[in-house]
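Take a look at the structure below.
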Amino acid sequence: EPEVTQTPSHQVTQMGQEVILRCVPISNHLYFYWYRQILGQKVEFLVSFYNNEISEKSEIFDDQFSVERPDGSNFTLKIRSTKLEDSAMYFCASSEREGNTEAFFGQGTRLTVV
Amino acid sequence: KQEVTQIPAALSVPEGENLVLNCSFTDSAIYNLQWFRQDPGKGLTSLLLIQSSQREQTSGRLNASLDKSSGRSTLYIAASQPGDSATYLCAVRQNAGGTSYGKLTFGQGTILTVHP
């Protein structure tokens, strides 16, 4: 069964460093998303991406964050100059289409900023 | 702004009990609602997707209902087992007439413990 794959599963980084979280969405999906979950809190939407551009972003997704689809398979989230409060589980998701469709999630990357 | 609330926050039951988890949302303009399972420190596993035009969806021992007009969904788990212990999340997909590209809004989850 097709699945969304995320790497790494766990990343530890020092405050101020840049990190890149990677995702391989399901191959025929066109809509891609990043969510995050701070420990003990709700899963929060960060950004959606379609047709090689951001289609929607939340207030959380400020200039510190960027997304890219560098090739036909990968979808990345870059966090510049990480802060302690960026420590969270980051989930990638993909959907086949817009609207009434199912979202498929990866297993997440646990980011720890020290 | 869509708000999703889940009740109860935590539930502990003996094995074999039937149980109901509740989810409510403030904006009924949704495409669908998904129920997820999350094990501690792990990812999100989709359990059921119920479309806005549907009233019910079933998968094995799980049954989800949706009352869109009142902004409520329930997840019914029959004959609970210790392996069902996890956090259960509901999430709604907004129908915002082209201004929303399918983002999900999540509830805070119900932590379920089924003890032998």
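For the record, the sequence lines run as chains A and B.
Residue numbering for the first sequence follows our numbering, beginning at 1068 and increasing consecutively.
Residue numbering for the second sequence follows our numbering, beginning at 878 and increasing consecutively.
We treat Cβ as the ideally placed atom computed from N, Cα and C, and that holds for glycine.
>> Need the endpoints of the beta strand (DSSP E) that B:Thr-964 sits in, please.
In response: 963 to 971
> Along chain B, which residues have their Cβ under 8 Å away from the Cβ of A:Gly-1139?
Replying inline: Under the 8 Å cutoff, chain B gives no residues; its nearest Cβ is about 20 Å from A:Gly-1139.
> Whose Cβ in chain B lies nearer than 7 Å to the Cβ of A:Ser-1162?
Replying inline: Gly-979
> Helix or strand or just coil, what does DSSP make of B:Asp-944?
Replying inline: strand
>> According to DSSP, B:Pro-891 sits in a beta bridge with which residue or residues?
In response: B:His-992
> Enumerated in chain order, which unbroken segments of the beta strand (DSSP E) with a length of 3 residues or greater are wholly contained in the region 880 to 924 of chain B?
Replying inline: 881 to 884, 887 to 891, 896 to 902, 907 to 915
>> I'd like to know if B:Gln-911 contacts chain A, where contact means its C-beta is closer than 8 Å to some C-beta of that chain.
In response: yes
>> So, at 6 Å on beta carbons, what are the nonlocal neighbours of B:Val-897 in its own chain, with the 5 sequence-adjacent residues on each side left out?
In response: Thr-951, Tyr-953
>> Just to confirm the assignment, what range does the beta strand (DSSP E) spanning A:Glu-1135 have?
In response: 1132 to 1135
>> Taking its Cβ as the centre, do 16 or more other Cβ atoms sit within 10 Å of A:Glu-1111, making it buried, or is it exposed?
In response: buried
> Going along the region 1149 to 1181 of chain A in order, which residues come within less than 9 Å of chain B, judged by CB to CB distance?
Replying inline: Met-1156, Phe-1158, Ala-1160, Ser-1162, Arg-1164, Glu-1165, Gly-1166, Asn-1167, Thr-1168, Glu-1169, Ala-1170, Phe-1171, Phe-1172, Gly-1173, Gln-1174, Gly-1175, Arg-1177
> Pick from A:Ser-1161, A:Glu-1165, A:Phe-1158: whose alpha carbon is nearest that of B:Gln-971?
Replying inline: A:Glu-1165
> Going by beta carbon distance, what residues of the same chain come within less than 6 Å of A:Lys-1124, once the five residues before and after it are set aside?
Replying inline: Val-1114
>> Give me the residue from A:Gln-1073, A:Ala-1160, A:Thr-1143, A:Val-1091 with the minimum Cα distance to A:Glu-1169.
In response: A:Ala-1160
> Any Cβ of chain B within less than 8 Å of the Cβ of A:Phe-1112?
Replying inline: yes
> Hey, is the region 1173 to 1180 of chain A in contact with the region 879 to 893 of chain B, meaning 3+ C-beta pairs nearer than 8 Å?
Replying inline: no
>> For a contact defined as C-beta to C-beta under 8 Å, what are the partners of B:Lys-919 on chain A?
In response: Gln-1174, Gly-1175
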